[in-house]
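Q:
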Amino acid sequence: MTTGGSPQPRDSAPEGLDVRAPLPPTGSRGSRILGGGSGARSVWVAVASTLVFFGVAAILIVTSPGWLRVKATFFDAAVFKKSFPLILEKFRINVFIFMVAEVIVLAWAMLLAVLRSLPGPVFAPLRLLATAYTALFRALPTILVISLLGFGMPALGLQGLPKSEIFWAIVALVLVYSAYVAEVYRAGIESVHPSQTAAARSLGLDRRKTLRFVVLPQAVRRVIPPLLNDFIGLQKDSALVGVIGVVDSLSTADIRSAAAFDYTPYLALALIYVVITIPMTVWVDWLIKRERGRTQAGGRL
-6 MTTGGSPQPR DSAPEGLDVR APLPPTGSRG SRILGGGSGA RSVWVAVAST LVFFGVAAIL
54 IVTSPGWLRV KATFFDAAVF KKSFPLILEK FRINVFIFMV AEVIVLAWAM LLAVLRSLPG
114 PVFAPLRLLA TAYTALFRAL PTILVISLLG FGMPALGLQG LPKSEIFWAI VALVLVYSAY
174 VAEVYRAGIE SVHPSQTAAA RSLGLDRRKT LRFVVLPQAV RRVIPPLLND FIGLQKDSAL
234 VGVIGVVDSL STADIRSAAA FDYTPYLALA LIYVVITIPM TVWVDWLIKR ERGRTQAGGR
294 L
């Protein structure tokens, strides 16, 4: 028995309540959604529900009335085997366009972001030009810019002006994606606290050195995940260059599909993009998670 306000012993707990079991952490999503189950049970529940979902979806697809025609049109093994090497060979053109454009975008977008961040009325014209540039090319569809430059610039017939479709495709991608990447850079620059700039200036660094050695290193480190997301988009948009006559992987898939009266070559190209893009997206997600963990750890200190 207990007297006064003494706590009730464990043995006298209400029937059905195990007071010896550890309570789930406060705010635990697992305790609310899965009833406080163990991690192993949660994994098995997730695996089972995923298998059931995709199993039901597969059954619905293969039992649909048009499945046999879809299978013959999109999943022809012979067409896939013949088309895949040709598409993969032309994919090197897309990789070349993407790599060259990416290097130029990194530098050009950084310059745009710095121009938009310059303080003072004397730099107002530069800020206005940089702002107008980013607004214009963020408003235009990428395929439209590629078509305008790819067809329009060679038609001018100016002496010394390149006529290569690949050249103008790279220029178009640089113009469009530098506008987006410049905004990412600018967000990173503005995320650096003004006290960092003030501390650098108090140590005797001028504005240029403060920007170069203090602000930009911190800004770039903070925006690496969104930058990589933009470059994943750039990699995929390199397939748009076929509209101006570049025989890349998508154009090759078009040719093979028209020759075989079959859409399996598009599936082959999709497989190439999936194999290349998914590891990049997983890496970006990991970087975002790591950066979030660092930010939260810094906030607790």
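Counted from 1, the sequence shown has number 51 at position 58 by my numbering; the numbering is strictly sequential.
Don't be surprised by glycine CBs; every beta carbon is placed ideally from N, CA and C.
Rounded to whole angstroms, what's the CA-CA distance from I159 to V185? Just pull it up for me.
A: Locating residue 159 in the sequence shown gives position 166, where the first residue counts as 1. Locating residue 185 in the sequence shown gives position 192, where the first residue counts as 1. Roughly 38 Å between the two C-alpha positions.
Q: Give me the Cα-Cα distance between Q211 and T245, rounded to the nearest whole angstrom.
A: The count along the sequence shown starts at 1 and reaches residue 211 at position 218. The count along the sequence shown starts at 1 and reaches residue 245 at position 252. Their Cα atoms are separated by approximately 43 Å.
Q: At what residues does the alpha helix (DSSP H) containing L129 begin and finish?
A: Residue numbering aside, residue 129 sits at position 136 when the sequence shown is read from its first letter. Here the alpha helix (DSSP H) through L129 covers 117 to 132.
Q: Would you kindly work out how many angstroms separate the C-alpha atoms of P218 and I281, rounded to a whole number?
A: To locate residue 218, count along the sequence shown from 1; it is residue 225. To locate residue 281, count along the sequence shown from 1; it is residue 288. Going from the Cα of P218 to the Cα of I281 covers about 6 Å.
Q: Assess, as a yes-or-no matter, whether the stretch 268 to 281 is touched by the stretch 220 to 230 under the definition of 3 or more beta carbon pairs within less than 8 Å.
A: yes
Q: I need the straight-line Cα distance from A193 to R200, nearest angstrom please.
A: Here residue 193 refers to the residue found at position 200 when the sequence shown is read from its first residue. Here residue 200 refers to the residue found at position 207 when the sequence shown is read from its first residue. Their Cα atoms are separated by approximately 9 Å.
Q: So, are the CB atoms of A162 and I90 less than 8 Å apart?
A: For the purposes of this step, residue 162 is taken as residue 169 along the sequence shown, with counting starting at 1. For the purposes of this step, residue 90 is taken as residue 97 along the sequence shown, with counting starting at 1. Cβ distance < 8 Å, so A162 and I90 count as in contact.
Q: Confirm, please, whether the CB-CB distance from M92 to Y178 is below 8 Å.
A: To locate residue 178, count along the sequence shown from 1; it is residue 185. To locate residue 92, count along the sequence shown from 1; it is residue 99. No; because the gap between Cβ atoms is not below 8 Å, this pair is not in contact.
Q: Taking 8 Å as the cut-off, decide whether the C-beta atoms of A180 and V138 are in contact.
A: The residue labelled residue 180 in the question sits at position 187 within the sequence shown. The residue labelled residue 138 in the question sits at position 145 within the sequence shown. Taking 8 Å as the Cβ cut-off, A180 and V138 do not qualify as a contacting pair.
Q: Can you tell me which of the three DSSP states R3 falls into?
A: In the sequence shown, the residue the question calls residue 3 occupies position 10. Residue confidence is low: R3 scores 48 on pLDDT, short of 50, so the model does not pin down where it sits. Its coordinate-derived value is still stated next. Helix.
Q: List the whole-angstrom C-beta distance separating T257 from F84, where the pair is believed to meet the contact cut-off of C-beta under 8 Å.
A: Here the question's residue 257 lines up with position 264 in the sequence shown. Here the question's residue 84 lines up with position 91 in the sequence shown. Going by Cβ atoms, the distance from T257 to F84 rounds to 16 Å, so no, they are not a contact pair.
Q: In or out: A33 buried (at least 16 other Cβ within 10 Å) or exposed?
A: Start at 1 with the first residue of the sequence shown, and residue 33 comes out as number 40. Result: exposed.
Q: Give the DSSP-derived three-state secondary structure of P17 in the structure shown.
A: On the sequence shown, residue 17 is found 24 positions in, with the first residue counted as 1. Only weak support exists for where P17 lies, its pLDDT of 49 falling under 50; the value from the coordinates is given anyway. P17: coil per DSSP, three-state reduction.
Q: Looking at the structure shown, is P258 part of a helix, part of a strand, or coil, going by DSSP?
A: As a first step, residue 258 must be located in the sequence shown, where it is residue number 265. In this structure, P258 counts as helix in the three-state DSSP scheme.
Q: For T66, I'd like the list of residues in its chain whose CB is within less than 8 Å of its CB, leaving aside the five on either flank, ordered along the chain.
A: Reading the sequence shown from its first residue, position 73 is the one you call residue 66. D255, Y256, T257.
Q: Since R109 and R120 are thought to touch, with beta carbons under 8 Å apart, how far apart are those beta carbons, to the nearest angstrom?
A: Within the sequence shown, numbered from 1, the residue matching residue 109 stands at position 116. Within the sequence shown, numbered from 1, the residue matching residue 120 stands at position 127. Between R109 and R120, the beta carbon gap of about 6 Å places them in contact (Cβ cut-off 8 Å).
Q: Expressed to the nearest angstrom, what Euclidean distance is found between the alpha-carbon atoms of A191 and S171?
A: On the sequence shown, residue 191 is found 198 positions in, with the first residue counted as 1. On the sequence shown, residue 171 is found 178 positions in, with the first residue counted as 1. Approximately 29 Å between the Cα atoms of the pair.
Q: Taking Cβ positions, are L302 and L243 nearer each other than 8 Å?
A: As displayed, the chain neither begins before -6 nor continues past 294, which places residue 302 out of reach and without an answer.
Q: In the structure shown, what three-state DSSP assignment does L204 receive?
A: Taking the sequence shown and counting its residues from 1, one reaches residue 204 at position 211. Of the three classes helix, strand and coil, the one that applies to L204 here is helix, per DSSP.
Q: Using the beta-carbon count (16 or more within 10 Å), is A232 buried or exposed?
A: Taking the sequence shown and counting its residues from 1, one reaches residue 232 at position 239. Looking at its Cβ environment, which holds 16 or more other Cβ atoms inside 10 Å, A232 is buried.
Q: Suppose only complete runs of 4+ residues qualify. What are the alpha helix (DSSP H) ranges in the stretch 57 to 103, listed by chain order?
A: Those alpha helix (DSSP H) runs which fall completely within the stretch 57 to 103 and span 4+ residues are 60 to 67.
Q: Classify V38: buried if its beta carbon has 16 or more other beta carbons within 10 angstroms, exposed otherwise.
A: Taking the first residue of the sequence shown as position 1, residue 38 is located at position 45. Per the 10 Å Cβ criterion, exposed.
Q: Give a yes or no on whether the C-beta atoms belonging to Y126 and L99 are separated by under 8 Å.
A: Counted from its first residue, the sequence shown places residue 126 at position 133. Counted from its first residue, the sequence shown places residue 99 at position 106. In this structure, L99 does not lie closer than 8 Å to Y126 by Cβ.
Q: Within 10 Å of its beta-carbon, does E95 have 16 or more other beta-carbons around it, so buried, or fewer, so exposed?
A: Locating residue 95 in the sequence shown gives position 102, where the first residue counts as 1. E95 is buried by the Cβ-count criterion.
Q: If V174 and I97 are in contact, beta carbons under 8 Å, what's the gap, nearest whole angstrom?
A: For the purposes of this step, residue 174 is taken as residue 181 along the sequence shown, with counting starting at 1. For the purposes of this step, residue 97 is taken as residue 104 along the sequence shown, with counting starting at 1. Going by Cβ atoms, the distance from V174 to I97 rounds to 11 Å, so no, they are not a contact pair.
Q: For A253, which residues in the same chain have their Cβ closer than 7 Å to its Cβ, ignoring the five residues on either side in sequence?
A: Within the sequence shown, residue 253 is the residue found at index 260, counting from 1. Excluding residues within five positions, the ones whose Cβ falls inside 7 Å are V72.
Q: So which of K229, I265, R283, R285 has the shortest CA-CA distance to P78?
A: Position 85 of the sequence shown, counting from 1, holds the residue named residue 78. Nearest option by C-alpha distance: I265.
Q: Run the CB neighbour count on E176, radius 10 Å, all protein chains shown included, and call it buried at 16 or more, exposed below.
A: Counting from 1 along the sequence shown, the entry for residue 176 is found at position 183. Buried, since its Cβ has 16 or more Cβ neighbours within 10 Å.
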